[in-house]
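Chemist:
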Amino acid sequence: MKSLLVLLLVLLDLGLTHGAMHRVPLRKHQSVRKKLRAQGVLSDFWKSQNLDMVQFSESCRMDQSTNEPLINYLDMEYFGTISIGSPPQNFTVFFDTGSSNLWVPSVYCTSPACKTHPVFHPSQSSTYEEVGNRFSIHYGTGSLTGIIGADQVSVEGLTVEGQQFGESVTEPGQTFVNAEFDGILGLGYPSLAAGGVTPVFDNMMAQNLVDLPIFSVYLSSDPQGGSGSELTFGGYDPSHFSGSLNWIPVTKQGYWQIALDGIQVGDTVMFCSEGCQAIVDTGTSLVTGPSDKIKELQGAIGATPIDGEYAVNCATLNTMPNVAFLINGVSYALSPNAYILPDLVDGMQYCGSGFQGLDIPPPAGPLWILGDVFIRQFYAVFDRGNNQVGLAPTVP
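Residues in the sequence shown are numbered consecutively from 0, following numbering that gives the first Met the number 0.
Okay, structure coming up:
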């Protein structure tokens, strides 16, 4: 049986779930936001969407923001391309709302993982500045160490000057050897950043590179094309969702952490009836929760353990219950077609569960993680101006 290849990479006490898959690039297209800007009515549009414009900087330049197209690896990972230095050196990075550091492999790295990915050459960049501070990030299956440098970082036309980033010197173990991405670009709050580095998006805001202090994520479930997955800096694209965005306050400014009012399976609230905490995390492929709760949830949807994973009979999807997350008075329901991940194993169809147990100890945990299985169904807007997350059903 082919494994989903879940890598429990615990970054700053949080798990990043990854699966090594085949690359399927998606198309880039012009967003409604860019069309509105061209017509000179973007500001009026933001006001009509009930954003609190007073809390946004008056110096925001409405002519600079960007859509970063993402690559979908069979609905398990989403990557994009950035460049560092002058002339630009390109890297594929994992955009992760569950961490806050940018790092890429360094030319000084001798680990096997660095031999399978492009490496950054500081001597080849005329804008590079040596910082020299050491950093270390510890994962559940290994660790990452290196030094911090500074250079210009470009993301689809936006160039951040003097961005500090990690240059890995050691990447021991097998964690990154076969990874389809080269590095990670964290989009969490500054309090998560190792070494006190200012995150990329914070510098985008400080340098007035974005229209508004928000970014948004659309994850397509169609790896063959169509309207491609994208990360939008400085705005959001209403063509990717239906109805209005529902805004949820951030309860703790580290991860994008929010409060759950309950988790309902079918017609029954089975978990979090007295409230619990969750994070909206692009760095996790599945939906995770405390192991004992997830085991109970697997039983409730009819999933049984097979070779360390949970699976269901593919013929029973139409009889399985919805699983709904109750958040700030709104129900966000995942249908069986959303939380069951089909696959082919030895020519036979296999249907794996999109839920997984992950115990995050205090003080960060316990936490539920609303990963890509959730975000594919609900367009996510991350609002640093008001410290809130906006969610709305995605439009395929």
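C-beta atoms are modelled at their ideal positions from N, C-alpha and C, and glycine is treated no differently.
Note that the structure is predicted; figures quoted are calculated from it, not measured.
(1) What is the DSSP secondary structure of Leu325, reduced to helix, strand or coil?
(2) Restricting to Cα atoms, I'd like to know which of Thr283, Val264, Gly351 and Val268 is closest to Gly307.
(3) Just to confirm the assignment: which complete beta strand (DSSP E) runs, minimum length 3, are found wholly within the segment 252–321?
(4) Which residues in the same chain have their Cβ closer than 8 angstroms to the Cβ of Met319, if we skip the five residues on either side of it in sequence?
(5) Ordered along the chain, which non-local residues of its own chain (more than five positions away) have a Cβ less than 7 angstroms from that of Ser106?
(6) Quick one: is Gly353 buried, meaning 16 or more other Cβ sit within 10 Å of its Cβ, or exposed?
(7) How would you write the range of the beta strand (DSSP E) that Pro248 sits in, first residue to last?
(8) May I ask you to verify whether the segment 239–251 touches the segment 88–98, counting CB pairs closer than 8 angstroms and requiring at least 3?
(9) Please determine, among Val216, Gln276 and Gly282, the residue with the shortest C-alpha to C-alpha distance to Gly288.
(10) Could you tell me which of Gly161, Ile368, Gly282 and Asp266 sits nearest to Gly79, measuring between CA atoms?
(11) Can you grab the Cα-Cα spacing for the pair Val286 / Ile359, in whole Å?
(12) Below 6 angstroms CB to CB, which residues in the same chain sit around Gly356 once its five sequence neighbours on both sides are set aside?
(13) When the distance is taken between beta carbons, is Leu186 closer than 8 angstroms to Thr96?
(14) For Leu101 versus Leu191, is the C-beta spacing smaller than 8 angstroms?
(15) Could you give the first and the last residue of the continuous alpha helix (DSSP H) run that contains Asn202?
(16) Give me the Cα-Cα distance between Ala112 and Gln173, rounded to the nearest whole angstrom.
(17) Per the contact definition of three or more C-beta pairs closer than 8 angstroms, is the segment 190–206 in contact with the segment 361–369?
(18) Considering Cα atoms alone, identify which of Tyr349, Pro86 and Gly242 is closest to Ile305.
(19) From the DSSP output, in three-state form, read off Asn100 for me.
(20) Can you list, in chain order, the residues of its chain with a C-beta nearer than 6 angstroms to that of Phe175? Leave out the 5 residues immediately preceding and following it.
(21) Runs of 3 residues minimum, wholly inside the segment 105–161: which ones carry the beta strand (DSSP E) assignment?
(22) Tell me, which residues are paired with Pro341 by DSSP?
(23) Residues in the same chain with beta-carbon distance under 6 angstroms from Gly261, minus the five sequence neighbours each way, listed in chain order, please.
(24) Could you give the first and the last residue of the continuous alpha helix (DSSP H) run that contains Ile183?
(25) Quick one: Cα of Gly274 to Cα of Asn327, how far?
Modeler: Well, looking at it:
(1) Within the sequence shown, numbered from 1, the residue matching residue 325 stands at position 326. Here Leu325 sits in strand by DSSP.
(2) Residue 307 sits at position 308 when you count from the first residue of the sequence shown. Ranking Thr283, Val264, Gly351 and Val268 by Cα distance to Gly307 puts Gly351 first.
(3) 255–259, 261–264, 267–270, 275–279, 286–288, 303–305 and 308–311
(4) The sequence position of residue 319 within the sequence shown is 320, counting from 1. Closer than 8 angstroms at Cβ, skipping near neighbours: Ile300, Gly301, Val311, Pro335 and Ile339.
(5) As a first step, residue 106 is located in the sequence shown; it is residue number 107 there, counting from the start. Before going on, a small fix: residue 106 reads as Val here, not Ser. Taken in chain order, the residues that qualify are Val118, Phe119 and His120.
(6) Taking the sequence shown and counting its residues from 1, the one referred to as residue 353 is at position 354. The residue is buried, with at least 16 neighbouring Cβ atoms inside 10 Å.
(7) Your numbering for residue 248 matches position 249 in the sequence shown. Residues Asn245 to Pro248.
(8) no
(9) Translated into positions along the sequence shown, residue 288 becomes position 289. Nearest C-alpha to Gly288: Gln276.
(10) Along the sequence shown, read from residue 1 onward, the residue named residue 79 stands at position 80. The option with the nearest alpha carbon to Gly79 is Gly282.
(11) What you label residue 286 is simply residue 287 of the sequence shown in a count that begins at 1. What you label residue 359 is simply residue 360 of the sequence shown in a count that begins at 1. Near 13 angstroms, if we compare the C-alpha coordinates of Ile359 and Val286.
(12) As a first step, residue 356 is located in the sequence shown; it is residue number 357 there, counting from the start. Closer than 6 angstroms at the Cβ level, and outside the excluded window around Gly356, lie Ser290 and Ile293.
(13) The residue labelled residue 96 in the question sits at position 97 within the sequence shown. The residue labelled residue 186 in the question sits at position 187 within the sequence shown. Yes, they are a contact pair.
(14) On the sequence shown, position 102 is the one that residue 101 refers to. On the sequence shown, position 192 is the one that residue 191 refers to. Result no, Cβ atoms of Leu101 and Leu191 do not sit closer than 8 angstroms.
(15) Translated into the one-based positions of the sequence shown, residue 202 becomes position 203. It spans Val199 to Ala205 - the alpha helix (DSSP H) in which Asn202 sits, taken as one unbroken run.
(16) As a working note, residue 112 is residue 113 in the sequence shown. As a working note, residue 173 is residue 174 in the sequence shown. Cα to Cα, the separation comes out at about 7 angstroms.
(17) no
(18) As a first step, residue 305 must be located in the sequence shown, where it is residue number 306. Answer by Cα proximity: Tyr349.
(19) Counting from 1 along the sequence shown, the entry for residue 100 is found at position 101. Note: Asn100 maps to coil in three-state DSSP.
(20) The sequence position of residue 175 within the sequence shown is 176, counting from 1. Closer than 6 angstroms at Cβ, skipping near neighbours: Ala112.
(21) 128–138 and 141–154
(22) Within the sequence shown, numbered from 1, the residue matching residue 341 stands at position 342. Per DSSP, Cys350.
(23) Translated into positions along the sequence shown, residue 261 becomes position 262. Correct list, in chain order: Val268, Cys271, Ser272 and Leu325.
(24) In the sequence shown, counting from the first residue as 1, residue 183 sits at position 184. Taken as a continuous stretch (DSSP letters only), Ile183 belongs to no alpha helix (DSSP H), being part of the beta strand (DSSP E) at Gly182 to Gly185.
(25) The residue given as residue 274 occupies position 275 in the sequence shown. The residue given as residue 327 occupies position 328 in the sequence shown. If you take the alpha carbons of Gly274 and Asn327, they lie about 11 angstroms apart.
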